[in-house]
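Trainee:
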Amino acid sequence: MIMEGTMTQLVNGLGGSAGFGENSLARNDDGSSSAIDIRSVFSSGLNFFGTTYNSLYVNNNGNITFASGRSQYTPNVITANTSNPMIAAYDADVDTRAGTTTASSGGTSQGTDLVYYDLDASNGIFTATWDDVGYYNQHVNKLNAFQIQLVNQGGNGDFDIVFRYENIDWTTGDASSGSNGLGGTIARAGYSAGNGVNYFEMRESGSHTNRQ
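Per my numbering, the very first residue in the sequence shown carries number 5; after that it's consecutive.
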């Protein structure tokens, strides 16, 4: 498994009205999708450090989990000991209740302030998109646009992780001691297999440099 994080445009053209797929989470704070069956992309399931998963959850707060949905809004340091295996592009207090806003400049984001997901069976890619999302409590003066892609690397469940960051303006929600989207307990990024052994946290995680 390879994990890649890069500042680049969001992948668009995936279908749906915004181009990020037909499926989206309702506007919410700290919510999750129901279990999403991923066997159309990973026919034998997804092998995450020795455990095979046939479904996952897309969580409003910038991450994907495998055991259940995740409502935690203040991020923790990523370790190997989580009870809910997680892949987090930007674990922070996303709040999409404010509604549609003006798209951030310089990319393919659409200003919907929504979270989408897409299963591309033909190309073997699962994509979750946070399209110009705001932060708690219903703020859209600063916006983040980013994606998680899980890319099938063979029939045995192997996959690569791609984090795409098009625009990062805020790091922290109000309930995590943030002020105007900054300060307090800052967003984290990485993954944890929840097995006590395998995890990775990006170098910029928990730092204001993650906005650069």
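Beta carbons are placed, not taken as given, at the ideal position from N, Cα and C, and that holds for glycine.
#1: Would you give the residue range spanned by the beta strand (DSSP E) that GLU170 belongs to?
#2: Closest to VAL15 by CA distance: which of ALA39, GLY66, SER113 is it?
#3: What is the residue span of the beta strand (DSSP E) that ASP124 lies within?
#4: Under DSSP, the beta strand (DSSP E) around THR10 begins and ends at which residues?
#5: Cα separation between TYR169 and ALA193?
#6: Mind checking which residues open and close the beta strand (DSSP E) that includes VAL62?
#7: Would a C-beta distance cut-off of 8 Å place THR176 and GLY188 closer than the cut-off?
#8: For ILE6, count neighbouring Cβ atoms within 10 angstroms of its own Cβ and tell me buried if that reaches 16, exposed if not.
#9: Judging by CA-CA distance, which residue of THR83, GLY103, VAL137 is the nearest neighbour of GLY200?
#10: Quick check on VAL155: buried or exposed, where buried means 16 or more other Cβ atoms within 10 Å of its Cβ?
#11: Would TYR140 and ASP95 be called neighbours here (beta carbons separated by less than 8 Å)?
#12: CB LEU123 to CB SER28, shorter than 8 Å?
#13: Report the residue from GLY20, GLY138, SER183, ILE165 whose alpha carbon sits nearest the alpha carbon of THR100.
#14: Which stretch, first to last residue, makes up the beta strand (DSSP E) that contains LEU50?
#15: Classify ALA191 as helix, strand or coil using the three-state DSSP reduction.
Mentor: Once the coordinates are examined:
#1: 163-172
#2: SER113
#3: 118-124
#4: 7-11
#5: 12 Å
#6: 59-63
#7: yes
#8: exposed
#9: THR83
#10: buried
#11: no
#12: no
#13: GLY138
#14: Unbroken beta strand (DSSP E) run through LEU50: 50-52.
#15: coil
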